[in-house]
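Chemist: Number 1041 marks the last residue of the sequence shown (the numbering used here); no jumps.
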Amino acid sequence: MADGKKAGGEVVASGAAPKKRNMRKLALFAAVPAVLAAAGGAYFLYPAFTGTAAHAAAQEKAQDKGTASAPAPQPHPTILDVPEIVITLPNGGRTRQLRIKISLELTQAPHNLPPTEQLTPQINDALLTYLRTLRDGDLEGGLALDRIRGDIYRRLTLVLGDNVIQDVLITSLVTG
């Protein structure tokens, strides 16, 4: 019997249906790896066309292997130690004192900044003005230190200007 019957009652030649089905499977199995290969190639070649940081780092690494030039040394940060400040916190009934020591990490080289003697009065004024506004509740909680550090950074940036302070380092904070 050369003809087969399908469930729907159609008569189909037995050799035609399996051949079409096999061609579809073959096309599917060939298309999936081709799409994956194209996606993989695009993933690895995309940084070369766009000039992203990863590609730049790879090129730099290749150049370092080709030449014996040493990379430029990173400049050490300039740290300015602010004298310790002790203030009495303004509370309702009981007295409570705050002792804080701060260091400032400056972005600029020391020769580009005014002398420390000129910066210290401005820094102390900004710090005292801020610290006198603190209450007991401002010093409690897990994020109190981060909040104080951020507020000090903002105030000192306003006083000294942008791109002078890179970070505020609270080296000591004691309340009692």
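In this text, a Cβ means the ideal position worked out from N, Cα and C, and glycines have one as well.
None of these values were measured; they are calculated from a predicted model.
#1: So, L1025 versus L996, is the Cβ gap smaller than 8 angstroms?
#2: Is I965 near I1030, with beta carbons less than 8 angstroms apart?
#3: Report the three-state DSSP secondary structure of D1027 (helix, strand or coil).
#4: Can you give me the start and stop residues for the beta strand (DSSP E) that R964 sits inside?
#5: In three-state DSSP terms, what is L978?
#6: Could you tell me the boundaries of the beta strand (DSSP E) in which P948 lies?
#7: For T1040, which residues does DSSP report across the bridge?
Modeler: So, from the data block:
#1: As a working note, residue 1025 is residue 160 in the sequence shown. As a working note, residue 996 is residue 131 in the sequence shown. No, the Cβ-Cβ distance between L1025 and L996 is not below 8 angstroms.
#2: Translated into positions along the sequence shown, residue 965 becomes position 100. Translated into positions along the sequence shown, residue 1030 becomes position 165. I965 places its beta carbon 8 angstroms or farther from that of I1030.
#3: Residue 1027 sits at position 162 when you count from the first residue of the sequence shown. Three-state result, D1027: coil.
#4: As a first step, residue 964 is located in the sequence shown; it is residue number 99 there, counting from the start. Element bounds for R964: 961 to 971.
#5: Taking the first residue of the sequence shown as 1, we reach residue 978 at position 113. L978: coil per DSSP, three-state reduction.
#6: The residue you call residue 948 lines up with position 83 of the sequence shown. Note, P948: beta strand (DSSP E), 943 to 954.
#7: Numbered from 1 along the sequence shown, position 175 holds the residue referred to as residue 1040. T1040 is bridged to L963.
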